[in-house]
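Note sheet for the following structure.
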Amino acid sequence: MTGVGEDRPGTHGYEADGPWFGVPGSPQPGPESPAADGLRAEQVSRAFGAVQAVANLSFTAPRGAVTALVGPNGCGKSTLMLMLASLLRPDTGRVLVDGIDPAEDSPAVRARVGWMPDQFGAWDSLTVLEVLETMGRAYFLPTAQLRERVDHLLELLDLTSLAQQRAHVLSRGQKQRLGLARALVHDPSVLILDEPASGLDPASRRRLLRVVRTRAAQGSTVLLSSHILSELEEMADHVVFMDAGEVVDAASVHELAARPRTWRVGSLHHQALEVALDRLGVRHGGVMPAQQTISGHAEALISLPDDRTAARLLADLTAEQAQLIEFAPATGTLEAAYLASDAARREGAL
0 MTGVGEDRPG
10 THGYEADGPW
20 FGVPGSPQPG
30 PESPAADGLR
40 AEQVSRAFGA
50 VQAVANLSFT
60 APRGAVTALV
70 GPNGCGKSTL
80 MLMLASLLRP
90 DTGRVLVDGI
100 DPAEDSPAVR
110 ARVGWMPDQF
120 GAWDSLTVLE
130 VLETMGRAYF
140 LPTAQLRERV
150 DHLLELLDLT
160 SLAQQRAHVL
170 SRGQKQRLGL
180 ARALVHDPSV
190 LILDEPASGL
200 DPASRRRLLR
210 VVRTRAAQGS
220 TVLLSSHILS
230 ELEEMADHVV
240 FMDAGEVVDA
250 ASVHELAARP
260 RTWRVGSLHH
270 QALEVALDRL
280 GVRHGGVMPA
290 QQTISGHAEA
300 LISLPDDRTA
310 ARLLADLTAE
320 QAQLIEFAPA
330 TGTLEAAYLA
340 SDAARREGAL
């Protein structure tokens, strides 16, 4: 044994001290100066008729980092992004982009923002090359710089072979890559991407990851949304959880990884695992026999407060001859946090 039994009598220190995490009443405040953030929303609201899309929402996205918006369909993510991109005016509150209010200087904001909507949009009659050249001219890029920039983006996003193809014949994934290239053509300091991974094949998703991380490393502010939570774990530095037009939680990915979550423990032998868990005083909902699991091995699901505790339990189960064959989180970090946030919200609504 490792001596972890001193943490709590009868539990060997493996139990969490309550729910996975609480939902804060408001997001953590950002730096004192609004200009210190690449993106900032201050008590922003927006309604469409009787539908309140965003309600008194505040959050910040720092420069040199990737911030992910996570939430169910209809929670207000796209509406918030449209306001941050200066394409939609808030009913109340304000947004700041590199410290600039779009309501006061929209051209300055749009010069700084690269916007990628979840649908490619118009220009179907133009070729891929013409789309990028047209966008570059709209930003008044000099001819020589524009040509160099377009060539770079075509290669970066694997669009060179499609340069003469008209946009309307492109697949969903190809249009997504073109949409990202279009957002990058003027080398913006702020990148706002709405569902950028939608429709991308695995190779294109890895390319997106490299582009996003490189932009952040170069000092850009990157804000993106996605339903593919496992991929956001690789892309994002910070996560903002939204629901019903409000921020219900916000944390860094590192902080989320330190929160309690459920682990799946698999064993070659049902009784060996059950005896070891009982001997260690670990609470569990029972060990499922091999014939009832997808893996074909005996399994137990155990809630643990952090990774350090999980490492201790793994060592102790091995010492107890539990015949382990699997020991891993039952869900990804973001998925666990999202499900816990949703559960807390639902419990509060009862």
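First residue of the sequence shown: 0, per numbering that gives the first Met the number 0; consecutive thereafter.
We put the CB at the ideal spot given by N, CA and C, even for glycine.
Values in this document were obtained by computation on a predicted structure and should not be read as measured data.
Pair within 8 Å by beta-carbon distance, residue i and residue j
i: Val112; j: Val184; result: no
i: Gly284; j: Cys74; result: no
i: Asp236; j: Ser224; result: no
i: Phe240; j: Val69; result: yes
i: Pro71; j: Asp306; result: no
i: Ala46; j: Asp90; result: yes
i: Leu131; j: Leu152; result: yes
i: Leu161; j: Leu169; result: yes
i: Thr115; j: Ala216; result: Residue 115 is actually Met in this sequence, not Thr. Result no, Cβ atoms of Met115 and Ala216 do not sit closer than 8 Å.
i: Leu83; j: Ile191; result: yes
6 Å Cβ shell around residue i - same chain, five flanking residues per side excluded
i: Ala60; result: Gly37, Leu38, Thr66, Thr220 and Leu222
i: Leu79; result: Val53
i: Ser32; result: Confidence at Ser32 is low in this model, with a pLDDT of 46, below 50, so its placement is unreliable and no value can be given for it.
i: Ser85; result: Pro101, Ser105, Val108 and Arg109
i: Leu276; result: His283
Integer Cβ distance of residue i from residue j, believed to fall under 8 Å
i: Ser124; j: Gly92; result: In fact, because the Cβ distance is near 39 Å, the residues do not count as touching under 8 Å.
i: Gly172; j: Gly198; result: 4 Å
i: Phe58; j: Val247; result: No, Phe58 and Val247 are not in contact; Cβ-Cβ is about 11 Å, not under 8 Å.
Close Cβ partners of residue i (< 7 Å) along its chain, the five nearest in sequence each way excluded
i: Thr133; result: Leu125
i: Glu233; result: Leu208
i: Gly2; result: At Gly2, the pLDDT of 39 sits below 50, so the modelled position is not reliable; the number obtained from the coordinates is stated separately. For Gly2, where only same-chain residues beyond five positions count, there are no Cβ hits under 7 Å.
i: Ser266; result: Leu272, His296, Ala297, Ala321, Gln322, Leu323 and Ile324
i: Ala329; result: Thr261, Trp262, Arg263 and Leu300
i: Gln27; result: Low per-residue confidence applies at Gln27: pLDDT is 35, beneath 50, and the placement is therefore not dependable, though the value from the model is reported in the following sentence. Excluding sequence neighbours, Gln27 sits near Ala249.
Candidates the options: closest to residue i by CA position
i: Arg263; options: Phe119, Thr292, Ala257 and Arg204; result: Thr292
i: Ile99; options: Gln217, Ser225 and Ala40; result: Ala40
i: Phe119; options: Gln51, Leu267 and Asp193; result: Asp193
i: Pro106; options: Tyr138, Lys76 and Val247; result: Tyr138
i: Val274; options: Arg88, Leu316 and Glu254; result: Leu316
i: Ser294; options: Leu83, Leu158, Glu103 and His268; result: His268
i: Val229; options: Thr213, Asp248 and Ala196; result: A small correction: the amino acid at residue 229 is Ser; Val does not occupy that position in the sequence shown. For Ser229, the nearest C-alpha among the options comes from Ala196.
i: Pro304; options: Arg278, Glu254 and Ala289; result: Glu254
i: Gln144; options: Val210, Leu56 and Asp186; result: Asp186
i: Thr308; options: Val281, Val286 and His226; result: Val281
i: Gly319; options: Leu279, Ala310 and Leu81; result: Note on residue identity: the sequence assigns Glu, not Gly, to residue 319. When only C-alpha atoms are compared, the closest one is Leu279.
i: Asp200; options: Ala327, Val211, Ala310 and Gln175; result: Gln175
i: Asp117; options: Leu177, Ala256, Ala327 and Leu231; result: Leu177
In DSSP terms, what residue i is bridged to
i: Glu319; result: BP columns for Glu319 are empty, so no partner.
i: Ala275; result: Paired residue(s): none; Ala275 is not in a bridge.
i: Asp248; result: Phe240
i: Phe47; result: Val50
i: Phe58; result: Ala40
i: Ser302; result: Thr261
i: Leu222; result: Thr66 and Ile191
i: Gly113; result: Leu190
i: Ala327; result: Arg263
i: Ala297; result: Ser266
i: Ala126; result: With the sequence shown as reference, residue 126 is identified as Thr, and Ala is not the correct amino acid for it. DSSP, once it has assigned bridges, lists Arg165 as partnering Thr126.
i: Val94; result: Ala40
Own chain residues within Cβ distance below 8 Å of residue i, not counting five before or after
i: Gly17; result: Low per-residue confidence applies at Gly17: pLDDT is 30, beneath 50, and the placement is therefore not dependable, though the value from the model is reported in the following sentence. Once the five neighbours on either side are set aside, Gly17 has no close Cβ partner at all.
i: His167; result: Asp123 and Ser124
Beta carbon proximity, residue i to chain B, threshold 8 Å
i: Asp104; result: The structure shown contains no chain B; it is built from a single protein chain.
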